[in-house]
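Residue numbers (the working numbering): 1163 to 1506.
Ideal Cβ positions, reconstructed from N, Cα and C, are used throughout, including at glycine.
Since the structure comes first, as structure tokens, the remarks are kept for the end.
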């Protein structure tokens, strides 16, 4: 006898799978420990109801938010706040409850809102990742106030789609959101406004919606779409969207063929109604952008199908200076633009 125990291939594979599952479970647990102090429950009053016993009961709304500054700025979904009839309070993961909470504002173009905990300091802000680096199949973790229980719950899954459109809604109506991550990590209404993180514990998205007609499908707003707004809120205490001042068409191979363009990706400065696509006196006009220019990069970040011009601009705040790489008459040039502020 050799003393060697033979092990068939299937058993080896199964053992490897079990080890991988155990390792992933440990990683998810570590992510939860790291991120949970930055995750809050948002509780609002939704009016009262009369019970069958004649007792008036106060109804509450519940959602999730993410701390983005030590002095109490929080980002969440607009629709998390819409069901509340009055002031909201914020509950930290350790149970600390803050009632002096102010609504800073709601983003007119996305399902995003900001709150300020007025008497907070030394909070733990979340670490924001780079959502442009996210790939399909990547493991992710969703943390939130599931089912309104005011205690963080943790689920994990993968990124199953990128650049998805979805219709999200609250009591004030519906809006179409573009460019979302799709994930199979369990997301429910209580998770809305909470973080979707990578395995390094960096926030790569904000959980925002669940597919109505398909179980196990959730969506998240890429965090880069929020970074510019967050910077403005932390520095100035209000929502300020950057403004470039151009009309454009996102270039696809079909668009390139239709307009006889030399590239198949980018932003084509063009107005389909025949008007000037560059707003007179706007930031782009001042920088020298012209009709039929093709914007191919912002600060060396390529403008393409996944990262369109609007999405890349959302990473900046009014007053930021950016470099646009532009194709004009076959010649490439770089123009510096100081971004303006979008009027509400």
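Given a cut-off of 8 Å on the beta-carbon distance, is the pair residue 1275 and residue 1223 in contact? Not closer than 8 Å, so no.
Assuming residue 1197 contacts residue 1359 (C-beta within less than 8 Å), just tell me the rounded distance between them. Taking the Cβ atoms as the reference, residue 1197 lies roughly 6 Å from residue 1359, within the contact range of under 8 Å.
Given a cut-off of 8 Å on the beta-carbon distance, is the pair residue 1425 and residue 1456 in contact? Cβ distance < 8 Å, so residue 1425 and residue 1456 count as in contact.
Mind checking which residues open and close the alpha helix (DSSP H) that includes residue 1592? As displayed, the chain neither begins before 1163 nor continues past 1506, which places residue 1592 out of reach and without an answer.
Do residue 1234 and residue 1282 have their CB atoms nearer than 8 Å? Cβ atoms of residue 1234 and residue 1282: closer than 8 Å.
Could you tell me whether the segment 1384 to 1404 touches the segment 1477 to 1488, where touching means 3 or more Cβ pairs closer than 8 Å? Taking 8 Å as the limit for Cβ pairs, the verdict is that the segment 1477 to 1488 does touch the segment 1384 to 1404.
Touching by the beta-carbon criterion (3+ pairs, under 8 Å), the segment 1314 to 1328 and the segment 1396 to 1416: In short, these stretches do not touch, since the Cβ pair count stays below three.
Looking at residue 1105: is its Cβ nearer than 8 Å to the Cβ of residue 1366? Shown here, the chain extends from 1163 to 1506; a query on residue 1105 therefore has no answer.
Using CA atoms only, rank isn't needed, just tell me which of 1270, 1207, 1346, 1474 is closest to residue 1387. Restricting attention to 1270, 1207, 1346, 1474, the CA atom closest to the CA of residue 1387 is found in 1474.
With burial defined as no fewer than 16 other Cβ atoms inside 10 Å of the residue's Cβ, what is the status of residue 1498: buried or exposed? A residue is called buried once 16 or more other Cβ atoms fall within 10 Å of its Cβ, and residue 1498, having fewer, is exposed.
Please name the residue, chosen from 1383, 1435, 1290, that lies closest to residue 1363 on a Cα-to-Cα basis. Proximity to residue 1363 across 1383, 1435, 1290 peaks at 1290, based on C-alpha coordinates.
Considering only the beta carbon of each residue, do residue 1303 and residue 1318 sit closer than 8 Å? Taking 8 Å as the Cβ cut-off, residue 1303 and residue 1318 qualify as a contacting pair.
For residue 1268 and residue 1192, what's the separation of their Cα atoms in angstroms? Between residue 1268 and residue 1192, the C-alpha separation is close to 32 Å.
Report buried or exposed for residue 1273, applying the criterion of at least 16 other Cβ atoms within 10 angstroms of its Cβ. In summary, residue 1273 is buried, with 16 or more beta-carbon neighbours lying within 10 Å of its beta-carbon over all protein chains present.
Of the listed residues 1445, 1419, 1408, 1450, nearest to residue 1432 (C-alpha basis): Residue 1408 is the option with its Cα nearest to residue 1432.
Does the Cβ of residue 1270 have 16 or more other Cβ atoms within 10 Å, making it buried, or fewer, making it exposed? With fewer than 16 neighbouring CB atoms inside 10 Å of its own CB, residue 1270 falls in the exposed class.
Does the beta-carbon of residue 1298 have 16 or more other beta-carbons within 10 angstroms, so that it is buried, or is it exposed? Residue burial is scored here from C-beta neighbours: residue 1298 has fewer than 16 other C-beta atoms within 10 angstroms and is therefore classed as exposed.
Residue 1423 to residue 1454 span [Cα, whole Å]: Taking the straight line joining both Cα atoms gives about 10 Å.
On the premise that residue 1244 lies in contact with residue 1285, defined as a C-beta separation below 8 Å, what is that separation, rounded to the nearest angstrom? Contact between residue 1285 and residue 1244 does not hold, since their C-beta atoms are separated by about 25 Å, which reaches or exceeds 8 Å.
Is residue 1420 helix, strand or coil by DSSP? Look at residue 1420 here: in three-state DSSP terms it is helix.
Under 7 Å Cβ to Cβ from residue 1349, same chain only, skipping five residues before and after it: list those, please. If we look at residue 1349 and ignore the five residues flanking it on each side, its Cβ neighbours are 1304, 1369, 1372, 1380.
For residue 1492, which of helix, strand or coil comes out of DSSP? Three-state result, residue 1492: coil.
With DSSP as the reference, label residue 1340 as helix, strand or coil. Note: residue 1340 maps to strand in three-state DSSP.
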